[in-house]
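Residue numbers (the working numbering), protein chains in the order written: chain A, 1 to 292; chain B, 293 to 584. Take a look at the structure below.
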């Protein structure tokens, strides 16, 4: 039987992670939960985020049968990964460590920039994950970018100006500290939609690192490893990965991957905006009540 | 005994309403609750907003002894006024009808513009309140303005450009419908902080109407009327209004008004940003758990 992979976000930004997962695991089943009634997590406290995230994780595991969880939310990964791991008896993968690992692979100078929400930055989770890999990182909260994406101003001159201002402040801070950054980590699942503007805005030679892509790649490795361990054959590949493990960019309309989407509120908004993030229709989104 | 007036918002934007209330009722006691754990209401559904708002109203009445409630939140006023009135046994005043009444008093052409959050606009509560007064109204959701205020970009050129774009779209729509608007209603409690930029951006001759001010004025009238009715003397004035009923603009540091602030999350952020909206320190904010 094909196992179910649970993917969780506070909103629908995490659909960028689901999109990257589908590209790598087209034969898996996915259950995605957006805790839209309580978004954004980015401006809330650790205690509150941990409570919300644990409830959401239990829904995916206990009610949707997820055997593996990907926390497709930087804020929840930064502030609640332990709480989620305590709440459910399945492997849980966040987006922070994969993002930091990808930055480590990309950077030559060892200095990286991170942009994220307020709460992710205040947690200094990227800073810690980068430091553990020997990188020096400078983080900056960019609270206007999520609403700009949700307003649909993806390629707008106002968005370009906001990005220019944020990056100028960030690179000035890096320079003042004597750093020479050559990678920019997108520490929020909304930001991949701004990648074209960000690529234009960064200094030449600076690599843009997408945590969504990095997390999807780590998920495949972790899932492979676990499937192999369960089967007692370390070299085997789980059936969900029976399709070749190659990136399938571009048109994803021919995927038959089974995806069920759930939201705690705003099903209409989720369906309307979600396709921008997922790169195809979300299908009908089911409303769930987590009691919050 | 001085009665307590409860003031409720999803966040701290409603502190602009509290500020206007304090200016008019400096001898009253106020209990303000910001349901910050669950903000923003503006992107949530009617059902969810009604549930959250009713819980918040019960807290102010049952636990803080409020004898009168002002819903200092356009979204909750638009979508949950009935639910709140059902939930508590005290008079409840929202901000929509006072805002529409102030627009009616200000407009000569009878055509008005309204800017607000997504949920307030989708409820068409201002449209209905304006229509009931014989006004024609056109509403527009401006979801970037709240994050711009919260980022502190109150006088920023990016904010000016966003306002220019929103108002250009709104006035074009009004013109296409043959309307000749001469008033702009600020249908969100964050927007009064953008009043200087908005005043510059509107066509000459257009009046900017602040729902916070209008609601505070209505609250005084309603409270006066109720106090008089309770006393059995229709012309008497309740002791909370013993100070002269005049606007006390400018420095409010000499107010001795007793204000207790509560928040469901982010006490630190509330205290840090709240003073911008209240015009003075919020004092220590108490964290409360509404079980959400």
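Built from N, CA and C at the ideal position, the CB exists for glycine as well. Computed from a prediction, not measured in an experiment: that's the story for all the values here.
Rounded separation between residue i and residue j - CA only
i, j, result
"residue 416 of chain B", "residue 37 of chain A", "21 Å"
"residue 251 of chain A", "residue 199 of chain A", "The pLDDT assigned to residue 251 of chain A is 47, lower than 50, so where the model puts this residue is not dependable; a value taken from the coordinates is nonetheless given after this. If you take the alpha carbons of residue 251 of chain A and residue 199 of chain A, they lie about 22 Å apart."
"residue 247 of chain A", "residue 4 of chain A", "Because residue 247 of chain A sits at a pLDDT of 40, beneath the cut-off of 50, its placement in the model cannot be relied upon, and the point is left open."
"residue 183 of chain A", "residue 336 of chain B", "36 Å"
"residue 467 of chain B", "residue 435 of chain B", "22 Å"
"residue 314 of chain B", "residue 560 of chain B", "23 Å"
"residue 433 of chain B", "residue 459 of chain B", "11 Å"
"residue 440 of chain B", "residue 85 of chain A", "35 Å"
"residue 347 of chain B", "residue 582 of chain B", "7 Å"
"residue 512 of chain B", "residue 488 of chain B", "26 Å"
"residue 403 of chain B", "residue 178 of chain A", "58 Å"
"residue 223 of chain A", "residue 92 of chain A", "10 Å"
"residue 401 of chain B", "residue 472 of chain B", "7 Å"
"residue 288 of chain A", "residue 60 of chain A", "11 Å"
"residue 98 of chain A", "residue 272 of chain A", "29 Å"
"residue 153 of chain A", "residue 562 of chain B", "29 Å"
"residue 35 of chain A", "residue 226 of chain A", "28 Å"
"residue 421 of chain B", "residue 427 of chain B", "9 Å"
"residue 350 of chain B", "residue 361 of chain B", "10 Å"
"residue 12 of chain A", "residue 464 of chain B", "32 Å"
"residue 279 of chain A", "residue 63 of chain A", "27 Å"
"residue 380 of chain B", "residue 414 of chain B", "26 Å"
"residue 151 of chain A", "residue 284 of chain A", "22 Å"
"residue 24 of chain A", "residue 160 of chain A", "31 Å"
"residue 259 of chain A", "residue 495 of chain B", "50 Å"
"residue 521 of chain B", "residue 158 of chain A", "54 Å"
Cβ shell of residue i (< 7 Å), same chain only, five flanking positions each side left out
i, result
"residue 281 of chain A", "275"
"residue 359 of chain B", "295, 296 and 382"
"residue 73 of chain A", "8, 9, 10, 14, 41 and 189"
"residue 375 of chain B", "342, 345 and 346"
"residue 65 of chain A", "4"
"residue 557 of chain B", "328 and 329"
"residue 218 of chain A", "93 and 98"
6 Å CB neighbourhood of residue i in its chain, flanking five on each side removed
i, result
"residue 117 of chain A", "42, 75 and 188"
"residue 32 of chain A", "7, 18 and 261"
"residue 308 of chain B", "481, 484, 504 and 569"
"residue 369 of chain B", "363, 386, 387 and 388"
"residue 107 of chain A", "182 and 183"
"residue 162 of chain A", "144"
"residue 20 of chain A", "212, 213 and 216"
"residue 549 of chain B", "314 and 318"
"residue 338 of chain B", "371"
"residue 286 of chain A", "262"
"residue 114 of chain A", "126, 137, 139, 185 and 187"
"residue 541 of chain B", "Residue confidence is low: residue 541 of chain B scores 45 on pLDDT, short of 50, so the model does not pin down where it sits. No coordinate-derived value is stated."
"residue 412 of chain B", "366, 367, 370 and 479"
Span of the beta strand (DSSP E) around residue i
i, result
"residue 455 of chain B", "That residue, residue 455 of chain B, is in no beta strand (DSSP E); its alpha helix (DSSP H) goes 449-468."
"residue 408 of chain B", "403-408"
"residue 429 of chain B", "428-433"
"residue 391 of chain B", "Careful: residue 391 of chain B lies outside any beta strand (DSSP E), inside the alpha helix (DSSP H) at 388-398."
"residue 201 of chain A", "Segment 195-201 is the alpha helix (DSSP H) holding residue 201 of chain A; no beta strand (DSSP E) there."
"residue 553 of chain B", "550-555"
"residue 4 of chain A", "4-9"
"residue 577 of chain B", "577-579"
"residue 30 of chain A", "29-34"
"residue 502 of chain B", "499-502"
"residue 330 of chain A", "This structure cannot settle anything about residue 330 of chain A, because the visible part of chain A is limited to 1 through 292."
Bounding residues of the alpha helix (DSSP H) (the contiguous stretch that carries residue i)
i, result
"residue 561 of chain B", "559-570"
"residue 81 of chain A", "74-87"
"residue 149 of chain A", "145-150"
"residue 62 of chain A", "Taken as a continuous stretch (DSSP letters only), residue 62 of chain A belongs to no alpha helix (DSSP H), as it is neither H nor E."
"residue 15 of chain A", "15-24"
"residue 419 of chain B", "417-424"
Proximal residues to residue i (C-beta, below 8 Å), its chain only, five neighbours per side dropped
i, result
"residue 156 of chain A", "148"
"residue 164 of chain A", "201"
"residue 132 of chain A", "100"
"residue 169 of chain A", "140"
is_contact[residue i, chain C] using C-beta, thresh 8 Å
i, result
"residue 56 of chain A", "Although the question refers to chain C, the structure presented lacks it and instead comprises the protein chains A and B."
Contact between the segment 495-507 of chain B and the segment 376-395 of chain B (3+ Cβ pairs under 8 Å) = yes
Give, in chain order, every residue of the segment 320-332 of chain B whose Cβ lies closer than 7 Å to some Cβ of chain A.
-> 329 and 330
Given a limit of 8 Å on CB to CB distance, which residues of the segment 450-464 of chain B reach chain A?
-> 450, 453, 454 and 457
Near-chain B residues of the segment 193-212 of chain A (beta-carbon distance less than 7 Å), N- to C-terminal order | none
Members of the segment 73-92 of chain A that neighbour chain B once the beta carbon cut-off is set at 9 Å = none
Interface residues of the segment 98-125 of chain A facing chain B [CB-CB below 7 Å] = none
Quick one, which residues of the segment 42-74 of chain A are near chain B if we go by CB-CB under 7 Å, in chain order?
-> 43, 44, 45 and 48
Near-chain A residues of the segment 415-439 of chain B - C-beta to any C-beta below 7 Å | 435, 436 and 439
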